[in-house]
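Q: In the order they appear, the protein sequences are chains A and B. In terms of the numbering used here, the first sequence opens at residue 2 and continues consecutively. In terms of the numbering used here, the second sequence opens at residue 34 and continues consecutively. Every residue gets a Cβ at the ideal spot worked out from N, C-alpha and C, and that includes glycine. Only a predicted model underlies this, so the values are computations on that prediction, with no experimental measurement involved.
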Amino acid sequence: MIKIIVSFALWTLSITAYSAETIKIGMSVALTGPVATMGDDMYAGVASYFQYINQQGGIFGRQYELIVRDDGYEPVRAASNTRALIDNEDVLALIGNLGTPTAIVTVPIAQEKKILIFGALSGADVLRVNPPNRYVINYRPSYAEETAEMVSGLLYSGIKPEEIAFFTQRDGYGDAGYKGAITALRRHGFNDVNMLAHGRYTRNTLNVEDAVAKMLDATIQPKAIIMAGSYAPSAKFIKLVREELPDVMFLNVSFVGSHLLEQALGNNVANVIVTQVVPSMDSNLSIVDEYLTILKQFFPDKKPNPVSLEGFIVAKLFHTGVSQIDGNLTTEKIVESIESLNGVDIGLGSDIYYAANDHQAIHQLWLTHLQSGQFTSFNWQQWP
Amino acid sequence: MFKQWSIRNLLKLWSLATLLAIAMIAGIALYSNAIFTETQQTLTAQVLPLENASRQISSIAAAFITRQKQVIASEYAEQLAKLSPRNVLEKRYRQHWQILSLSVLDIKNGQETLADLNSYYQQFLHNDDQIFRQIQLRHTLSKQIEGHGNAIEHLEQQIQNQVEAISGKINLNISRNKRKIRLSLLNKDHQVSDDMMLDRLLSSNQDDIQMLSQSVRLGVLNIVNLTYKLIQFDNPDNLLSIRENDIRQYQAILNVATSQLKQKLLSNPELLVLTQRLESDVQTLLAFVVEGPSSVYQLRLQQLQNEQKLVLSQQDAISTLTQMMEKLDQLSSLVSEQSLDVVTKSGQVAQSARWFIFILSSLMALGMIAFVSSISRRINQPLEGLRQAMHALSLEKFDTRLEVDTDSRSEFSILANDFNVFASNTQDLIAALANAKEALQFREQHISAILNGVPEAILTLTSAGIIQSMNHAAEEVFKAEEKTLIGLNLIRFFVEDEHIDHLADIVNKQQKTKEFAGINFHGEPFFMWLSLSLVSTGDNEFWVCVISDITAWKRTEEKLKTTSSELDTILENAMVGIAFIKNRNLLRVNHKFEELFLCDRNLIEGQSARCLYASEEAFEQLGEQAYAVLTQGENFEGEVELVRQDGSKFWCALSSKAIDPLRPQDGTIWLFDDVTQQHADQQRLTKLASFDSLTGLPNRTVFNDRLEHAIHKAHRNSATLAVFFLDLDHFKNINDSLGHRAGDQLLCEIANRLKSAVREDDTVARLGGDEFTVILEDVHSVQHLAKVAEKILESTSKVFTLDSTEINVSSSIGISLYPADGRNVDILLRNADAAMYHAKKIGRNNFQFYSAEMNAESNQRLAMETSLRRAVEQQELYLQYQPQIDLRSGKIFGAEALLRWNSEQWGMVSPMQFIPILEETGLIVIVGEYVLRQACETYMAMKDQLGEDFVIAVNLSGRQFKGGQLSAYVRQLLNDTGMPACNLELEITESILMEDTELAVTTLNELSKIGVTLAIDDFGTGYSSLAYLKRFPLNVLKVDRSFVSDVTNDADDAAIVDAILAMSRRLQLDVVAEGVETAEQLAFLQVHDCHRVQGYFFSKPLDLDDLMAFVNHDIDVA
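#1: Among residues of its own chain, excluding the 5 on either side of B/V225, which ones have a beta-carbon nearer than 7 Å to its beta-carbon?
#2: Between the Cα of B/K342 and the Cα atoms of B/S107, B/L188, B/D161, B/L311, which residue gives the shortest distance?
#3: Rounded to the nearest angstrom, what separates B/D228 and B/M1096 at their Cα positions?
#4: If contacts are defined as beta-carbon pairs under 8 Å, then B/R634 and B/E627 qualify, I think. What distance do you get, rounded to the angstrom?
#5: Can a CB atom of chain B be found closer than 8 Å to the CB of A/T203?
#6: Just to confirm the assignment, what range does the beta strand (DSSP E) spanning B/Q1119 have?
#7: For the candidate residues B/A403, B/D451, B/Q460, whose alpha-carbon lies nearest to that of B/L428?
#8: Rounded to whole angstroms, what's the CA-CA distance from B/E145 to B/S352? Just pull it up for me.
#9: Applying the 10 Å Cβ sphere with the 16-neighbour rule, what's the burial state of A/V275?
#10: Does any heavy atom of the ligand FAD sit closer than 7 Å to the C-beta of B/E574?
#11: Between the Cα of A/Q222 and the Cα atoms of A/L197, A/L241, A/S235, which residue gives the shortest distance?
#12: Let me know the secondary structure DSSP gives A/Y65 once reduced to three states.
#13: Would you mind working out which of B/A747, B/A1014, B/S845 sits nearest B/S1041, comparing C-alpha positions?
#14: How many Å lie between B/F321 and A/L95 at the Cα?
#15: Report the three-state DSSP secondary structure of B/G252 (helix, strand or coil).
#16: Counting pairs of beta carbons, one from the region 811-820 of chain B and one from the region 770-784 of chain B, are three or more of them closer than 8 Å?
#17: Taking the C-alpha atoms as reference points, what is the distance between B/Q1101 and B/L298?
#18: Comparing C-alpha positions only, which one of B/Q243, B/E186, B/N841 sits nearest to B/I203?
#19: Measure from the C-beta of A/Q213 to each C-beta in chain B and report whether the shortest distance is under 8 Å.
#20: Within 10 angstroms of its Cβ, does B/H748 collect 16 or more other Cβ (buried), or is it exposed?
#21: DSSP state of B/V487, grouped into three classes?
#22: What runs of the beta strand (DSSP E), each 3 residues or longer, lie entirely inside the region 87-135 of chain A?
#23: If you draw a straight line from the C-alpha of B/Y154 to the C-alpha of B/Y109, how long is it?
#24: Find out if the Cβ-Cβ distance for the pair B/W576, B/L536 is shorter than 8 Å.
#25: Restricting to Cα atoms, I'd like to know which of B/R212, B/N255, B/N258, B/E197 is closest to A/Y202.
#26: Taking 8 Å as the cut-off, does the region 88-108 of chain A touch the region 37-55 of chain A (at least 3 CB pairs, one atom from each stretch)?
#27: In terms of residues, what are the limits of the beta strand (DSSP E) holding B/L912?
#28: Mapping DSSP to helix, strand and coil, what is A/M39?
#29: Between the alpha carbons of A/W384 and A/P132, how many angstroms are there, rounded?
#30: Please list the segments of the alpha helix (DSSP H) lying wholly inside the region 250-307 of chain B, counting only runs of 4 or more residues, in order along the chain.
#31: Distance, Cα to Cα, B/L695 vs B/Y660?
#32: For B/G486, count neighbouring C-beta atoms within 10 Å of its own C-beta (all shown protein chains included) and say buried if the count is 16 or more, exposed if not.
#33: Note down, in chain order, each residue of its chain lying with its Cβ closer than 7 Å to the Cβ of B/L1037, except the 5 sequence neighbours on either side.
#34: So if DSSP puts A/Y354 in a beta bridge, which residue, or which two residues, is it bridged to?
#35: Classify B/F1131 as helix, strand or coil using the three-state DSSP reduction.
#36: Would you please verify whether the beta carbon of B/A198 is less than 8 Å from any beta carbon of chain A?
Structure representation (structure tokens):
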């Protein structure tokens, strides 16, 4: 960990040495605590792209300066980080922030200070109000979209609504996933949603036993469990449930961090599906190739994974917006410029459309399936 | 000396002297100026540095204080380091102090004051150090407390997570087991899904553990909250109270909860480890909060003490500084005194110089005056003498003469002589004139004194009427001063209506009257008596006028006239009849009086008042009453019936008053008012108060009155009378079910029926509610009374139709007789009441004559209470034991101790009878302790035969729980007797648990801790709440006999017993069925898994010997 922090520091220094006037961008993620690895990866993704641009000579003759702070996935620290970044560092935008409970507190601060939060790694509704908050612009689809996709897929695969159960984190993130799925079930005509087993656990703990008990107690034995948790408790949950119900399918939303889940599960790998908001590494999209090259160049020790890919895409999308600006660089200009991106191709296979009343880059999801220690693309026809 | 000197020479001498004087004055001025300059230099050298140094020191002191305030205001330790160092100030102070000490070297007391100043300064430095250290301590403590706060929050979070983990793991285990069972059942293809069985298998300690872990969670939360309070409160007593009352309480709860949790989880090593960690976290938390020398509590205490000391130090510092300032002031004043001396000295020199100059100048002025006066004297003296004499003469000093030097022949001497002759002549002439004038003045004074002494105004007028002169009285009459009035015409002082235009008009009018209406000088009217006469003296004619002011006399006369007519009007228009009576004769009456009595005043005035009364007797009686009062000087008021002149009577309110209270015989005034209507209203009200408004029957007051009256009458006639006391049976039900309106309707109907059931003369009354009474006078036989009572019962039990509902009521009647059953109202009524209760008791709808036994019955309870007290003392109370059988082993496993009373007076008394009395009187506490002790001693005595497992059950009363001493008593008793706790079972009724739950919980918990078994008695008859039972540490549940007795023939009761059994198994309670009397009941209980029974089927309660015999043989339970 110390090594990483030192390397950030060095990198930050090198940037500052380059040019007197840098483009300051802030980032508050967990670099310690149970989801530290995700924060690390997100940082690597964003930083690698910015470093790449800086190496190419920057933009408008200026260099990007990415200032990252550790919030440990704790809302209180996230809030103080955000204030410090805005007030002391004069950042123009916050990019790639991690988590829903943290977003719940940082969004109002950014709105008050009129500073952009871009491409936060959270699918919660707090970042997706309607009409959109001017200072919140997203890349990824919402958790609701993820769980809705799961519901549709499960029903398509012949699973009955009664055979679906839920495992969610007891906070805004978990609730968002649960609500999305419930809404989708209702849309499919199933209204008796309260009968479905629903286990919850407390954030930053591994107390999943209650939730497991709920699964075992269910009157109709679940065949698929939709999960919105972080990777460590999710892995524990999967292991415990599988001891009793070996055939059940576990469907995780992207936030779980598929590679971390995979590591945590060890050998217990079968029947785990994760919805992704980025293409899988085996797809032959140009952005994946670009990412693999650049990551290897700047973070040779980092293995590619969906989280750093998301960071990479977010940074590229942000840069695309910034590069359209004509004149002084201000937060307002950045927001307007990103809102005016109308059909740009950054190599995702389909074009990106933003508008003043649409702050969502994509609504597309990529399904992955954990098989023999490897996440591979998955579609519902492959359902066992 | 200078008389021979010429004026020119004199002038020369004068100039020389003046020059000399000016030279001397200049010399003196130069000298004094030199001295003044020297003084000024001295002052500058000595005083100014000292003033400056003392001002500097003041400002340094202010800097010290500012610095001290900054120290105090600092919020954390780092701020202290940033403050300017104090030694800079100290250095500056030392510099200025040195200057000071040099300045005061030769000043008296200066060194001492300076030393004082320094010692205060040292003291201040010391205080400042103290404050600095205290502030440092404050920061250290705050930081520590903040650190503790964070640690406590962290621990709390950790504990919450651990609790969650434990409860989660337990839930998971349960769910796994359930699933296993479900799967195994499915596999074996059983169609059983008996949840009861599942629960029995699985629930184990689930509820308890969940509850315990919740209470740990809550306890920790509460302690954390209390920690915040500890940090907030500023009062050590508050802190102490929070620690001792609140935190200790939760600490105890936590300790109990964690240790119980550990016990419950003994079999699960994984959870046990978690719980142990939990427990150690809880202990750490408590250590952070209250335990240990560096707990938040102790830190807060230190903090508070430090703050107190800080306040003291601050006060010290300020007072020291004040004293320093005082010393500085003293120094200044010392120096001022010193400089004042110097100034005084130079002042003295200047003063001498001034005096010298002044004397020189004065001498010069004196010389000048001497010089000028010697010249003037030579010319002016003789001229001045002549001028003065002439002037005196002009001032009528005719005796003025000039001195004449007879020898001298100078012009001045001749002139003086002629002057003297002229003056002497003039003096003689003037003296003669003065004598004549004096005589004339004397005469005039006498005349004017006479005129002014007269009260009438006397004026002299010209023939035209102009006032020429007047006396003082005239000023009074016309209200103006003489000088104003002189010259005015008399005519203007008459009112216009008098038509006086000339004096002649007055003379004409005077022949008729001498009274005139006049106006005074200010135009105010007045009445005058006026006489006018002409006086002639030779050619001169003038008028003399005499006037008296008669206004006051005139006014009095008019007022008298008005008053008299007003009084007449009032009298005639008064709304009450008014008569003036003297010697009881009507002298005068008013109009209203005529109306009231329909009489003519002309006829009645002068007649005797007797004609107003109906009879001579009434007339005399009122006279006596009224004049008795009137002669006391007071008003008489009364209400009597009077007669109009047409012979009709009416009620009249009278009020009379003597004209002269001291002499009523001189006449009295009487007021008469017709109050016939009010009188009637009053009568109606009286009647209303006496009768029941609902039924119209006499109420209790009237009833008492009439009964009293009837008793008198019966006593006189040696007759018998009877009182019936009637009460409706179950009247309350009618009220409750049909409503009060229907109830009222029923009462009215009853009243009617009662009235028609008795004779006209008999009194029927309603005492209230549904209680009615009847007085029957002239009773000749009891048979007759019985007939009347039957008639009443019959009439009241006929169908009533209330609001188209037909209902039947019955009533009970008690009868008491005068004089046999009582001789006064109270006793007769009470005995009738007692008889009525007896009637109710033996089945209602009947009547009972009173008998002495009835009284005895209510006395019996009292007597029993008395003998019970004695029974306790004389040990008439003893125990019997009813065996309890275990159906599985067929062995007796215990016995319930039951209290018995074999009274010397009453024989065997049922517990149903005497236990309530024990409860009511509080004797139960002593008796309860006796029972407990007896039971324990019995067991200990028979331990060998009864066996180690034998349980003695003892009933507890609710009274024993009061006061909270029960558990202590039981502990002591077990100690005393050596009885093992597990052999004692205490039976408690549900009502005890209901009455005072908090106390009950505490006591039961304590008892449970001691180890005695707790049983709930008569279960099913009370609240019977499962939730309720869970709150108490109960072990055994005794099913009430009422359920057991009906299990074989009442499906409901069977279901209840079944449910109770199932529930008890779930709660892990042993069940004892009471009152088992038949083999069928036994069979039912056996089938439903109730293994412990008690009842006559096996054995009634036994004396100890019989119990021992019973124990020694087995029972056939098949």
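A: Straight from the coordinates:
#1: Residue placement at B/V225 is poorly supported in this model, since its pLDDT is 45, which falls under 50; the coordinates are not used for a value here.
#2: It is B/D161.
#3: Because the pLDDT of B/D228 is 49, which lies under 50, any placement of that residue in the model is unreliable, and the question is left without a value.
#4: Going by Cβ atoms, the distance from B/R634 to B/E627 rounds to 5 Å, so yes, they are a contact pair.
#5: Look at A/T203: its C-beta is under 8 Å from a C-beta on chain B.
#6: Per DSSP, B/Q1119 belongs to no beta strand (DSSP E); it is in the alpha helix (DSSP H), 1112-1120.
#7: Taking only the C-alpha atoms, the option nearest B/L428 is B/Q460.
#8: Between B/E145 and B/S352, the C-alpha separation is close to 20 Å.
#9: Flag for A/V275 reads buried.
#10: Questions concerning the ligand FAD fall outside what the structure shown contains, since it holds no ligand whatsoever.
#11: Nearest option by C-alpha distance: A/L197.
#12: Three-state result, A/Y65: strand.
#13: With distances taken between CA atoms, B/S1041 lies nearest to B/A1014 out of B/A747, B/A1014, B/S845.
#14: The alpha-carbon atoms of B/F321 and A/L95 are separated by roughly 40 Å.
#15: DSSP places B/G252 in helix when its eight states are reduced to three.
#16: The count of Cβ pairs closer than 8 Å, one atom from the region 811-820 of chain B and one from the region 770-784 of chain B, stays below three, leaving the stretches out of contact.
#17: Pairing B/Q1101 with B/L298, the inter-Cα distance amounts to about 17 Å.
#18: When each option's Cα is compared against that of B/I203, the closest is B/Q243.
#19: The question names Gln, yet the displayed sequence has Val at residue 213 of chain A. Interface residue, yes.
#20: Exposed, since its Cβ has fewer than 16 Cβ neighbours within 10 Å.
#21: Here B/V487 sits in coil by DSSP.
#22: Counting only runs of at least 3 residues, the region 87-135 of chain A fully encloses the following beta strand (DSSP E) elements, listed from N- to C-terminal order: 94-96, 117-119.
#23: Taking the straight line joining both Cα atoms gives about 28 Å.
#24: Yes, they are a contact pair.
#25: The candidate whose alpha carbon is nearest that of A/Y202 is B/E197.
#26: Enough Cβ pairs lie closer than 8 Å, so yes.
#27: Taken as a continuous stretch (DSSP letters only), the beta strand (DSSP E) holding B/L912 covers 910-919.
#28: Three-state DSSP puts A/M39 in a helix.
#29: Each residue's alpha carbon lies about 37 Å from the other.
#30: Entirely contained in the region 250-307 of chain B, the alpha helix (DSSP H) runs reaching 4 residues are, in chain order, 269-274, 281-297.
#31: Looking at the two C-alpha atoms, the distance is approximately 12 Å.
#32: Exposed, because fewer than 16 other Cβ atoms sit within 10 Å of the Cβ of B/G486.
#33: Closer than 7 Å at the Cβ level, and outside the excluded window around B/L1037, lie L1047, F1065, P1066.
#34: A/N343.
#35: Looking at B/F1131 - three-state DSSP - the assignment turns out to be coil, as it is neither helix nor strand.
#36: With 8 Å as the cut-off, B/A198 counts as an interface residue toward chain A.
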